[in-house]
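Trainee: Each residue of the sequence shown is one higher than the one before, counting from 10 in our numbering. Backbone N, C-alpha and C fix where the C-beta goes; we use that ideal spot for every residue, glycine too. This is the structure, below, for whatever I ask next.
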Amino acid sequence: MLALLDGLQNGNYWVGMNMDDILKSIEPAQALRKLDGNSNCIWQLVNHIIYWRCTVVLRLQGVKDPLPYPDFSLPGNKSAASWKQTMNELQQSYKTLRAAIHDFPENRFMEIVPAQEYPFYELIHGVIQHDGYHLGQIVLLSKYAH
């Protein structure tokens with residue numbers, strides 16, 4: 010599982026791209042563009058990825074409470090410095106999730122996640138699949154935003 014997460018973030022993910030390579034060329038203005046009034050922008054998708062990575066870390070630690078901030082959020086300050094901070098938070102969420110998966114006891118993978126109907130194994134694979142899905146959206150939005 011760690012190899013899949015690593016490949017998705019910064020390696021040779023099986024779809025031929027990874028988060029770091031795609032996001033390094035995105036400028037703040039591109040990250041804010043939407044296809045229409047109802048769609049999410051790249052910045053919101055990145056914050057959504059961070060949100061769910063942090064949520065999964067909490068679940069692996071046995072915490073059921075939701076995060077104390079909204080999903081799909083945008084910062085009040087949409088500057089280059091703020092975008093850089095979001096990229097730093099994405100990197101930190103990767104490192105934190107990676108450590109949580111690494112430290113999670115393998116003999117607990119098939120235990121059911123509290124307040125859910127699926128095991129921790131599916132939770133971990135789910136967050137990786139989730140990130141891959143949104144990476145595809147980010148790629149499409151980045152092509153539109155040029």
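Identify the residues that DSSP records as bridge partners of isoleucine 121: which are they?
Mentor: Isoleucine 121 pairs with Pro128.
Trainee: If you reduce the DSSP assignment to three classes, tell me which class tryptophan 61 lands in.
Mentor: Looking at tryptophan 61 - three-state DSSP - the assignment turns out to be helix.
Trainee: Evaluate contact between the stretch 109-121 and the stretch 21-37, counting only Cβ atoms and requiring at least three cross-stretch pairs below 8 Å.
Mentor: No, the stretch 109-121 is not in contact with the stretch 21-37.
Trainee: Using the Cα positions of proline 77 and tryptophan 52, report the straight-line distance between them to the nearest angstrom.
Mentor: Those two C-alpha atoms are separated by around 19 Å.
Trainee: Buried or exposed for serine 88, going by 16 or more other Cβ atoms inside 10 Å?
Mentor: Serine 88 should be labelled exposed.
Trainee: Tell me which same chain residues have a C-beta within less than 7 Å of the C-beta of histidine 139, skipping the five on either side of it?
Mentor: Correct list, in chain order: Trp61.
Trainee: Looking only at its own chain, which residues have a Cβ that is under 8 Å from the Cβ of alanine 109, when we skip the five neighbours before and after it?
Mentor: Cβ within range, chain order: Val65, Val66, Leu69 and Gln70.
Trainee: Quick one, which of Phe81, Tyr103, Gly16 and Leu106 has its alpha-carbon nearest asparagine 47's?
Mentor: Comparing Cα positions, the closest option is Phe81.
Trainee: Whole angstroms are fine: how far does the CA of proline 128 sit from the CA of phenylalanine 118?
Mentor: Going by the C-alpha atoms only, they are around 6 Å apart.
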